[in-house]
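Enquirer:
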Amino acid sequence: MTESAARAPESAEHFDVLIVGAGISGVGAAYHLTTRCPGTSFVVLESQDSFGGTWRTHRYPGIRSDSDLYTFGYRFKPWTGAPIATAAEILKYMGEVIDENDLARHIRYRHAITRASWSSADNRWTIEARRSDTGKPIRFTANFLWMCQGYYRHSEGYTPEWPGMARFRGRIVHPQTWPEDLDYAKKRVVVIGSGATAATLIPAIADATAHVTMLQRSPTFFRTGRNAIPIADELRELGIDETWIHEIVRRKILREQAFFTRASFVAPERVKEELIRGVREYLGPDYDIATHFTPHYRPWRQRIAFIPDGDLLQAIRDGKASVVTDEIETFTECGLQLKSGETLEADIIVTATGFHLSALGDIDFTIDGKPLVLSDTVTYRGMMFTGVPNIAWVFGYFRASWTLRADLVAEFVCRLLNHMKMIGARRVVPALRPEDRDMPLLPWIDPENFNPGYMMRGLHLLPRRGDKPEWQHTQDYWAEKDEFPAIDLDDAAFVYG
Ligand SMILES: Cc1cc2nc3c(=O)[nH]c(=O)nc-3n(C[C@H](O)[C@H](O)[C@H](O)COP(=O)(O)OP(=O)(O)OC[C@H]3O[C@@H](n4cnc5c(N)ncnc54)[C@H](O)[C@@H]3O)c2cc1C
C-alpha cells in the first residue's frame, strides 16, 4: 500500500455548505445560514482549537480592535460596551452569538483544510482536512464552499530578513506568535513598525519595561479620541432598548465615517492637518511631529488606527516610550545599527511588521483536476471568481469595519443559495458577459488607493478586477449596502447548471 493510500480517509461526510474558518466571518455565516436558509445542512471547519480567528490568534499584550464594535459587531447582535474592545471582549461577544443561536454543534475545531477539489461531473467540492489533535486526515464533500478564512496566514507573521539577525543576543518576537513566557519587565524593548499593532502593544507594555522604542521607517496616521460614544451612554441612561441603541449608533458612526473617508479624498490636506493636530494635543508644541508623525502619503492610503484616549501618545509624552524614524542597517549583538549611524540597544526586538497574505487559507484548490490560479480569475464584486463554481469569499473593508461586509456577503450568499434551490440549479459560476469582454483587467486593488505592505507583497496572488462595480471589490460600504441586496441573480454574470 502506498503511503498516501494508507493515509487516505475512507469516507466523506456530505453537507450542503462547508464554511472555512470560525472567525467573525465564519460564525456570522453560520448564523445567517440558520436564519435565512433553514434546512440547509452545513459544517464550519476551523484549524484552531476554538472560535475567534484573529482575536484568538493574536495574544500580545493590549490586543484590541482598532475600529468600533458597533460596526465591527454584527448587525444582528447589539454591542453594549465601549466602542474599542479587547480581544477577550470580542471573543465573549462571539461566544454569546454561538450560544444564543445553538451554533456550536455545527463547528468542528482542529480541522485544518489542506485541499479542495471541484468536480463538475458531481457538482460538488471534496475537502480534505487534517485533524491537528490526532493527525488523522479527514474528508468532506459539500455543494458550496464559503471561504471565511480571513486574509493572512494565522500560523506566523511576516518578518523581513535584516542583516545580522542571527547575531542578536536578545529575543526577536513577532506579535502574532507572542511567547507566553516573554518577560519584558525592566527590559529595553524596540518595536519595529508603527501600525495598529505597535500602537496597541507599546502603551500596554510601556509601564513595565525599562523603555520601549517604536522604530519606524516612515510615519503613520493615527486618530485619537475618547473610547466612548456619548450618545450611546445617554440613550442607555434613558433606558432605551439595546437593539435601538445599536442601530442608532451604527448609523451615526457610518455617516461620520462616510464623511471622513470622502474628505480624505477631496480634502486630504485638511484631513491630514486635523489628524496631526490630534497628535500634537498630546505631545505638545516642542515635539518633532514633522519627523515622527507626519506621513508622506494621503490619509487612508493605509489603515488609520484609532488610539483610544491617546494612550500611545501619553506613553511617549511621559518618557516611557519614544519614537525613532530611521532605517535598519543591521542587527548587532546588542541591538540595532541604524542607517543614520545611531544605535538602539535592546533586550527584546518585536517585529510588528505585518502579515503574510493568504488569499484562500493556504488551501490547494483544483477545478476538475486543474490547479486553480486565483490571479487568472476576475473577481465578481470581491466575493466570487470567474470560472470557479459554488464558492463565496469574504473579504471585508479596509476603511470600514470588516464585519459590515461579512454581513452583506452573508445575505447575498443566502439569497443565492435559496435562488439555486428554487430554480433547481446545482452549480453557479460567475462569467464575464458579452459587454464585459473588452473591459480592462487590473490588479485586485489600485496601489494609489490603498497600499499596505502585505497587500503589495501579495497583489500578484489575488484575482484581477475590471472597471465596473460588478467586477471589483469597490471598498465602498455605502454603495454596497444598497447594491448587494439589489443584485439580480438572473444577470448573465451568473451561469447556472
Ligand atoms: C491584530 C488585528 C486587529 C484587527 N482589528 C480590526 C478592527 O478593529 N476592525 C476591522 O474591521 N478589522 C480588523 N482587523 C482585520 C481582521 O482580521 C478582520 O476584521 C476580521 O477579524 C477577520 O475575520 P475573519 O473571520 O474574516 O478572518 P480571521 O479572523 O482571519 O479568521 C479566519 C479563521 O479561519 C481559519 N482558517 C484559515 N485557514 C484555514 C484552513 N485552511 N482550514 C481551517 N481553518 C482555517 C483561521 O484559523 C481563523 O480562525 C484586525 C486584524 C488584526 C490582525
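Under this note's numbering, the residues of the sequence shown are numbered 178 to 674, in order. Heads up, the beta-carbon is just placed ideally off N, CA and C, and yes, glycines get one too. Source: prediction; values computed, not measured.
In chain order, what are the residue ranges of uninterrupted alpha helix (DSSP H) at least 4 long that sit wholly in the segment 234-263?
Expert: You should have 246-249.
Enquirer: Where DSSP assigns a beta bridge to Tyr673, which residues make up the other side?
Expert: Per DSSP, Val605.
Enquirer: Once you ignore the five residues that flank Ser181 on each side, which residues in its own chain have a CB closer than 7 Å to its CB?
Expert: Low per-residue confidence applies at Ser181: pLDDT is 42, beneath 50, and the placement is therefore not dependable enough to give any value.
Enquirer: Opposite Lys547 in the DSSP bridges: which residues?
Expert: According to DSSP, which records beta bridges pairwise, Lys547 is partnered with Ile544.
Enquirer: Quick one: is the Cβ of His235 within less than 7 Å of any heavy atom of ligand 1?
Expert: Yes - ligand 1 has a heavy atom lying nearer than 7 Å to the Cβ of His235.
Enquirer: Does ligand 1 have even one heavy atom less than 7 Å from the beta-carbon of Trp289?
Expert: Here residue 289 turns out to be Ala, not Trp, going by the sequence shown. It does: the Cβ of Ala289 is within 7 Å (strictly closer) of some heavy atom of ligand 1.
Enquirer: Is the beta carbon of Leu359 less than 8 Å from the beta carbon of Val368?
Expert: No; because the gap between Cβ atoms is not below 8 Å, this pair is not in contact.
Enquirer: Ignore the nearest five residues each way along the sequence and tell me which others in Gly272's own chain have a CB closer than 8 Å to its CB.
Expert: Cβ within range, chain order: Phe228.
Enquirer: Answer yes or no: do Ser371 and His473 have a C-beta to C-beta separation smaller than 8 Å?
Expert: Not a contact, by the Cβ cut-off of 8 Å.
Enquirer: So if DSSP puts Gln393 in a beta bridge, which residue, or which two residues, is it bridged to?
Expert: Thr502.
Enquirer: Could you work out which residue in Ile466, Val194, Asp384, Lys547 is closest to Thr217 when comparing CA atoms only?
Expert: With distances taken between Cα atoms, Thr217 lies closest to Val194.
Enquirer: Could you check what DSSP says for Phe508 in three-state terms: helix, strand or coil?
Expert: It is a strand residue.
Enquirer: What does the alpha-carbon distance come out to for the pair Arg583 and Gln514?
Expert: Before going further, note that residue 583 is Ala rather than Arg in the sequence given. The straight-line gap from Cα to Cα measures roughly 44 Å.
Enquirer: State the Cα-Cα distance for the pair Met178 and Asn628, rounded to the nearest angstrom.
Expert: For Met178, the predicted structure reports a pLDDT of 35, less than 50, and the residue's modelled location is therefore unreliable. The matter cannot be settled from this model.
Enquirer: Would you grab the beta carbon distance between Val197 and Leu222 for me? Rounded to a whole angstrom, and I think it's under 8 Å.
Expert: 6 Å between Cβ atoms; contact.
Enquirer: Could you check whether the Cβ of Leu222 sits closer than 7 Å to any heavy atom belonging to ligand 1?
Expert: Yes, the beta carbon of Leu222 sits closer than 7 Å to at least one heavy atom of ligand 1.
Enquirer: Pull up the DSSP beta-bridge partners for Leu210, would you.
Expert: Looking at the DSSP assignment, Leu210 forms no beta bridge with any residue, so it has no partner.
Enquirer: Any Cβ of chain D within less than 8 Å of the Cβ of Met599?
Expert: Note that chain D does not occur in the displayed structure, where there is just one protein chain.
Enquirer: Find out if the Cβ-Cβ distance for the pair Tyr673, Thr530 is shorter than 8 Å.
Expert: No, these two residues do not count as a Cβ contact at 8 Å.
Enquirer: Give the single residue among Trp295, Thr318, His288, Asp615 whose Cα lies nearest to the Cα of Glu190.
Expert: Of Trp295, Thr318, His288, Asp615, the residue nearest in Cα terms is Thr318.
Enquirer: Return yes when the C-beta of Phe249 is under 7 Å from any heavy atom of ligand 1, and no when it is not.
Expert: True, at least one ligand heavy atom lies under 7 Å from that Cβ.
Enquirer: To the nearest whole angstrom, what separates the beta carbons of Tyr328 and Leu534, a pair I think is in contact under 8 Å?
Expert: So it is a contact: roughly 6 Å between Cβ atoms.
Enquirer: Can you have a look at Phe720 and say buried or exposed, based on whether 16 or more other CB atoms are within 10 angstroms of its CB?
Expert: Since the first residue of the chain shown is 178 and the last is 674, residue 720 is not available in this structure.
Enquirer: Assuming Leu676 is part of the alpha helix (DSSP H), what are its boundary residues?
Expert: The question about residue 676 has no answer, for the chain in this structure spans 178 to 674.
Enquirer: How far does the beta strand (DSSP E) with Glu153 in it reach, from first residue to last?
Expert: There is no way to answer for residue 153, as the model of the chain reaches only from 178 to 674.
Enquirer: Answer yes or no: the CB of Gln652 versus the heavy atoms of ligand 3, is any distance below 7 Å?
Expert: By its list of ligands, the structure shown excludes ligand 3, since it contains just ligand 1.
Enquirer: Which ranges does the alpha helix (DSSP H) cover as unbroken runs of at least 4 residues, wholly within the segment 625-667, from first to last along the chain?
Expert: Segments of the alpha helix (DSSP H) lying fully in the segment 625-667: 630-635, 654-660.
Enquirer: Identify the continuous alpha helix (DSSP H) that holds Asp193 and give its terminal residues.
Expert: Unbroken run through Asp193 is the beta strand (DSSP E), 189-197; no alpha helix (DSSP H).
Enquirer: Leaving out the 5 sequence neighbours to the left and right, which residues in its chain are closer than 6 Å to Phe671 when beta-carbon positions are compared?
Expert: Cβ neighbours of Phe671 beyond the five flanking positions: Val605.
Enquirer: Does DSSP put Glu419 in a helix, in a strand, or in coil?
Expert: DSSP places Glu419 in helix when its eight states are reduced to three.
Enquirer: Work out the CA separation of Pro620 and Arg642 for me, nearest whole Å.
Expert: When rounded, the distance between both Cα atoms is 6 Å.
Enquirer: DSSP has Phe572 in a bridge; who is on the other side?
Expert: None, per the DSSP bridge assignment.
Enquirer: Does DSSP put Val220 in a helix, a strand or coil?
Expert: Residue state, collapsed to three classes: strand.
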